[in-house]
Amino acid sequence: MIDSSTRLPPQAIAAPGTSRGTYARTAERRSTITRAVLDLVLEKGHGGVTTAETAARAQISEATVLYHFPTRDHLLVAALRLAFDEDDERLSSGQPDVDLDGLRRYVIGGDREVALLYTMLAGHTGTPGHPAREFFAEHYAQALERWSAIIAARQQAGLAHPGIDAAEAARQFLAAWTGLRTQWLIDPGFDLGESVVTAFRRLTGENVMDLRRVLLDPVGGL
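When we follow UniProt numbering, the leftmost residue of the sequence shown carries the number 1, and every step to the right adds one.
Next up, the structure:
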């Protein structure tokens, strides 16, 4: 759902004559820091992450951490970006556009601490200048494009209702998914994966298409 977590700040972009080695070392350093932050989030939750702990985990100085990521929020956004990059690989391997079991497995396989981090940072999207604002705008645009394409593909395959607007259905599905995840964080007593798949099927008219196949072909549609 997102770009690489090793995106470089303006001061790290190589100018004419700048060594490629310097550029590579900067990218590697940022990657190491981001990995350290995400590991800390997974181990103890985002509330317990500090720049000092991040520096210790990455085995570099705290000043170096703050040079690359000027605030703790920048660190947490980078960690979330990395988590989503890794989730993208799981989502692709699950082939949700072919089999909704892939979507179910993807949702179930998500980490609760990452979901909590996502929810916390999403609350800052209305704050001008906050690093989460740019991240979520980018993430949402890419997610909307991806799921619009998935729904359109399922329409062509005769799985989703041909009369729906794929982009609007994708928008509503992403909103349902976000809401269900928030409810699950409050009360994890229901099957989040099943609820997300059920929402997808209803919003894309797949239940209607299933019924149509049964009515048109009572034997083959069963």
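Beta carbons are placed, not taken as given, at the ideal position from N, Cα and C, and that holds for glycine.
For residue i, three-class secondary structure by DSSP
i	result
residue 223	It is not possible to answer for residue 223, since the shown part of the chain is limited to 1 through 222.
S61	coil
H161	coil
V49	coil
F190	coil
F84	helix
H124	coil
G21	helix
T69	Per the sequence shown, the amino acid found at residue 69 is Phe instead of Thr. Residue state, collapsed to three classes: coil.
D39	helix
G179	helix
D99	coil
Candidates the options, of which the one nearest residue i by Cα
i	options	result
G45	Y67, A79, A55	A79
R146	D39, R105, D88, V77	D88
Q142	L66, R171, H124, Y118	R171
S31	V49, F69, E43, E138	F69
T198	V77, L180, G47, R25	L180
E113	V37, T22, E134, T26	V37
Q155	L117, M209, I108, A175	M209
I186	T22, A63, L40, A115	A115
R35	A55, R202, D111	A55
D111	D39, T22, T71, A160	D39
D99	V214, E206, L211, L215	E206
T178	R105, V49, D165, F200	F200
L211	Q183, A160, D191, L192	A160
I33	R57, F135, G47	R57
Y106	D191, V214, L215	D191
Buried versus exposed call for residue i [16 or more other C-beta atoms within 10 Å across all chains shown]
i	result
P188	exposed
T204	buried
S195	buried
R104	buried
R81	buried
A83	buried
Cβ separation of residue i and residue j, assumed to be a contact under 8 Å, to the nearest whole Å
i	j	result
D73	A132	7 Å
H130	H124	4 Å
A169	I151	5 Å
T51	E62	5 Å
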